[in-house]
Amino acid sequence: MQPQSTDTTAPIYKLARSLYHTFPSSNEYSEQLAAAIQGWRSDAAGMGLLPRLEPVVKMSQERASLWPALVNMVQQVQQDPQTTLLFASIMESMPLIAAVERVLEDDDDAVIRFIDSLCLDQPQVQHDQVMASIQTYLDTLDPIKRQAVSQVLNQQRYQAMEDDYMAQVHHILNDQAIFDQFERVLLDDRVPWADRLTDVYQLIKTHKPEVWDQISLVLDRIEADLDTQQYSSYEEYVQKNFLDDGGQQYLDSEVEQAQVEHMLGSMNM
Numbered sequence: 002m003q004p005q006s007t008d009t010t011a012p013i014y015k016l017a018r019s020l021y022h023t024f025p026s027s028n029e030y031s032e033q034l035a036a037a038i039q040g041w042r043s044d045a046a047g048m049g050l051l052p053r054l055e056p057v058v059k060m061s062q063e064r065a066s067l068w069p070a071l072v073n074m075v076q077q078v079q080q081d082p083q084t085t086l087l088f089a090s091i092m093e094s095m096p097l098i099a100a101v102e103r104v105l106e107d108d109d110d111a112v113i114r115f116i117d118s119l120c121l122d123q124p125q126v127q128h129d130q131v132m133a134s135i136q137t138y139l140d141t142l143d144p145i146k147r148q149a150v151s152q153v154l155n156q157q158r159y160q161a162m163e164d165d166y167m168a169q170v171h172h173i174l175n176d177q178a179i180f181d182q183f184e185r186v187l188l189d190d191r192v193p194w195a196d197r198l199t200d201v202y203q204l205i206k207t208h209k210p211e212v213w214d215q216i217s218l219v220l221d222r223i224e225a226d227l228d229t230q231q232y233s234s235y236e237e238y239v240q241k242n243f244l245d246d247g248g249q250q251y252l253d254s255e256v257e258q259a260q261v262e263h264m265l266g267s268m269n270m
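In the numbering used here, the protein residues as written are 2 to 270.
Shown next, in the form of structure tokens:
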């Protein structure tokens with residue numbers, strides 16, 4: 002399957018950006034519009050894309066003004082499954098794309114090339130191929146912008162990692178009060194990592210000692226992932242873990258199947 006051209010990406014991105022900026026926050030966008038896209042992806046009953054998007058888009062007057070353009074766009078992209086996938090993935094990925102857009106200082110061409118580097122319209126692409134594509138893109142940027150984009154990608158990775166591991170711990174503990182304490186302790190960046198581990202150990206051993214072995218396995222995986230911070234840059238991490246060593250899954254979760262299964266959310270970066 003051949004990747005879509007920049008001519009296809011650009012109009013989708015510009016409409017997605019306009020919609021994104023009608024939301025008060027990135028979280029609200031994710032909880033409403035991106036969630037509607039995800040619901041459409043998983044809907045076995047076959048509810049169409051527009052019926053899922055319409056209630057969200059028409060929640061505000063500013064957003065509703067974009068409805069005709071959105072209808073026209075969806076009707077066009079649905080003529081080709083690959084373009085439909087690209088559309089859905091860009092819509093889902095806008096919080097990440099917007100963060101990259103800010104550090105690129107609204108350079109539309111650079112942002113569109115970044116989107117293309119994610120291979121969002123290629124569901125069968127391998128993770129190491131995505132990473133190589135991103136690295137090729139990063140190499141086109143000047144050092145300052147390359148570092149800024151790398152930081153955004155690292156933040157996305159750590160957020161995805163954090164969400165995934167916290168969900169595992171929540172399931173193991175099966176106790177909201179203890180989980181809240183666990184999360185507070187573990188995510189307190191002001192405290193050295195070793196001290197946080199000691200505090201977590203004491204917490205679990207005091208309140209739920211029977212699950213410590215399971216929790217310790219999750220903590221081991223978190224610590225292993227955190228070891229990537231030893232690299233001086235995102236590029237160095239990608240080079241050593243994907244290009245030199247032949248690839249190890251970097252995007253963990255999904256940034257959702259086709260989307261950085263790749264969104265770098267699915268992001269196992």
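Cβ coordinates follow ideal geometry from the N, Cα and C atoms, glycine included.
Only a predicted model underlies this, so the values are computations on that prediction, with no experimental measurement involved.
Can you tell me whether THR23 is helix, strand or coil according to DSSP? THR23 carries a coil assignment under DSSP once its states are collapsed to helix, strand and coil.
DSSP three-state label for GLY40, please. Helix, per DSSP.
What is the rounded straight-line gap between the Cα of HIS172 and the Cα of GLY40? Each residue's Cα considered, the two are about 23 Å apart.
Closest residue to GLN169 among ASP140, ASP200 and LEU220 (Cα-Cα distance): Out of ASP140, ASP200 and LEU220, LEU220 has the C-alpha closest to the C-alpha of GLN169.
Verify whether the separation of the beta carbon atoms of ALA99 and TYR21 is less than 8 Å. Taking the C-beta atoms as reference points, TYR21 is found nearer than 8 Å to ALA99.
Distance check for ARG147 and SER84, CA to CA, integer angstroms please. This sequence places Thr at residue 84; Ser is not what is there. If you take the alpha carbons of THR84 and ARG147, they lie about 28 Å apart.
Would you call the stretch 43-58 in contact with the stretch 69-83, where contact means no fewer than 3 C-beta pairs closer than 8 Å? By the Cβ test, the stretch 43-58 is in contact with the stretch 69-83, since at least three Cβ pairs between them sit closer than 8 Å.
When we look at the beta-carbon of THR141 and count the other beta-carbons within 10 Å, is it buried (16 or more) or exposed? Exposed, by the Cβ-count rule.
Using a Cβ-Cβ cut-off of 8 Å (strictly less than) and excluding sequence neighbours within five positions of PRO12, which residues of its own chain qualify? Closer than 8 Å at the Cβ level, and outside the excluded window around PRO12, lie MET74.
According to the Cβ coordinates, are VAL186 and ASP200 closer than 8 Å? Cβ distance < 8 Å, so VAL186 and ASP200 count as in contact.
For LEU97, name the three-state secondary structure that DSSP assigns. Judged by DSSP in its simplified three-state form, LEU97 adopts helix.
Apart from the five residues on each side of it in sequence, which residues of its chain come closer than 6 Å, Cβ to Cβ, to PHE180? Closer than 6 Å at the Cβ level, and outside the excluded window around PHE180, lie HIS171 and LEU174.
Mapping DSSP to helix, strand and coil, what is LYS1? There is no way to answer for residue 1, as the model of the chain reaches only from 2 to 270.
From LYS206 to TRP213, what does the alpha carbon distance come to, in whole angstroms? Approximately 7 Å between the Cα atoms of the pair.
Alpha helix (DSSP H) containing GLY63: first to last residue? It should be pointed out that residue 63 corresponds to Glu in this sequence rather than to Gly. The continuous alpha helix (DSSP H) containing GLU63 extends over residues 62-65.
Using a Cβ-Cβ cutoff of less than 7 Å, which residues in the same chain neighbour ALA65 once the five nearest sequence positions on both sides are dropped? Cβ neighbours of ALA65 beyond the five flanking positions: VAL58 and LYS59.
Note the first and the last residue of the continuous alpha helix (DSSP H) segment covering THR137. It spans 128-139 - the alpha helix (DSSP H) in which THR137 sits, taken as one unbroken run.
Do VAL104 and VAL150 count as a contact pair if the criterion is CB distance below 8 Å? Between VAL150 and VAL104, the CB-CB gap stays under 8 Å.
Beta carbon of ALA195, beta carbon of ILE91: below 8 Å? At the C-beta level, ALA195 and ILE91 stay beyond 8 Å of one another.
Within this structure, are the beta carbons of GLU106 and ALA35 separated by less than 8 Å? The answer is no: Cβ separation not under 8 Å.
For the alpha helix (DSSP H) that contains VAL57, what are its first and last residues? Its alpha helix (DSSP H) spans residues 50-58.
Buried or exposed for SER217, please, with buried defined as at least 16 other CB atoms from any protein chain shown within 10 angstroms of its CB. With fewer than 16 other Cβ atoms inside 10 Å of its own Cβ, SER217 counts as exposed.
Alpha-carbon to alpha-carbon, ASP143 and GLN278: Residue 278 lies beyond the residue range present for the chain, which begins at 2 and ends at 270; the question has no answer from this structure.
In terms of residues, what are the limits of the alpha helix (DSSP H) holding PRO69? Segment 68-78, the alpha helix (DSSP H) holding PRO69.
Less than 8 Å between the C-beta atoms of LEU97 and THR9, yes or no? If you check the CB distance, LEU97 and THR9 do not come in under 8 Å.
Provide the residue span of the alpha helix (DSSP H) that contains LEU187, from first to last. That run of the alpha helix (DSSP H) goes 177-187.
SER19 to ARG42 span [Cα, whole Å]: If you take the alpha carbons of SER19 and ARG42, they lie about 22 Å apart.
Between the Cα of PHE24 and those of GLU55, GLU63 and ALA89, spot the shortest distance and give me the residue it belongs to. Checked all of GLU55, GLU63 and ALA89; the closest Cα to PHE24 is GLU63.
Please report the distance separating the alpha-carbon of GLN215 from that of ALA161. Rounded to whole angstroms, GLN215 and ALA161 show a C-alpha spacing of 20 Å.
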